[in-house]
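Let me begin by presenting the structure, written as structure tokens, before commenting on it.
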Amino acid sequence: AARAKLGPCRVAVVDWDVHHGNGTQHAYYHRADTLTISLHQENCFPPGYGGATDRGAGAGDGTNLNIPLLGGCGHQAYLDAFELLVIPALRAFKPDLIMVASGFDASCVDPLARMMATSETFRAMAGLLMAQAKELCGGKLVVAHEGGYSDVYVPFCGLAVVETMLGSRSPVIDPFLEPSERQQPPADLIAFQRARLAAQAAVVFG
21 AARAKLGPCR
31 VAVVDWDVHH
41 GNGTQHAYYH
51 RADTLTISLH
61 QENCFPPGYG
71 GATDRGAGAG
81 DGTNLNIPLL
91 GGCGHQAYLD
101 AFELLVIPAL
111 RAFKPDLIMV
121 ASGFDASCVD
131 PLARMMATSE
141 TFRAMAGLLM
151 AQAKELCGGK
161 LVVAHEGGYS
171 DVYVPFCGLA
181 VVETMLGSRS
191 PVIDPFLEPS
201 ERQQPPADLI
211 AFQRARLAAQ
221 AAVVFG
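For the sequence shown, the working numbering begins at 21 and goes up steadily by one.
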């Protein structure tokens, strides 16, 4: 649909849903005009899959980036993944449009995963992508809601993203935020996950 409106263009898809973006990967694995980035809980879905070495093939070699994160690695891991991998990949690809597959099942209370992200995690990621879209592609950013499995928490995560895109802050308070911040992983796990991301970045970017 984007190409029907914009014509031939380079599209980057950032998928922060907790499950691997296997459908998007399959659709664009051999295409040079689409960068697919999936941040997902390692070995969650598909079971046993991380995909860090699956980088695309043929014309699409190097345009698929999987970022498997350890279960429970929390808010900081997502920020580190953006710093070390997502943003450098976007800058190298130079998209004409950034699209986000915005699932909220990486949240701290989601019943199907264990990532410990909070509404502030999604707020931060949305802000980082807005900044990249402004710099790289004239602000062209599309966020598609993909759901999540916690009826009580998805609305707070979705609100955080919408507020960020609108540049405003509502009086709504996330009642899960404070306890979730106290349950974030210890410093040694955060450091271990960052080291894994740095090692992956060294392979991806040379």
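Each residue gets a CB set at the ideal place from its N, CA and C atoms; glycine is no exception.
Select from N42, D81, D100 the residue whose C-alpha is nearest the C-alpha of L209. D100
By Cβ distance below 8 Å, which residues in the same chain neighbour A180 in space, the five residues on each side in sequence not counted? S139, E140, F142, R143, A146, D194
Which residues DSSP lists as bridging I87, in chain order: L59
How far does the beta strand (DSSP E) with E198 in it reach, from first residue to last? From DSSP, E198 is part of no beta strand (DSSP E) but of the alpha helix (DSSP H) over 197-202.
Is the distance from the Cβ of A126 to the Cβ of V38 below 8 Å? yes
Report the residue from Q203, P67, T54, M136 whose alpha carbon sits nearest the alpha carbon of A109. T54
Along the chain, where does the alpha helix (DSSP H) that runs through V129 open and close? Run containing V129: none; DSSP gives neither H nor E here.
Rounded straight-line distance, which links the Cα of P88 to that of A137: 14 Å
Compute the Euclidean distance between the alpha carbons of L161 and D35, then round it to the nearest angstrom. 13 Å
For F113, count the other beta carbons within 10 Å of its own beta carbon; 16 or more makes it buried, fewer makes it exposed. Which is it? buried
Find out if the Cβ-Cβ distance for the pair G71, H40 is shorter than 8 Å. yes
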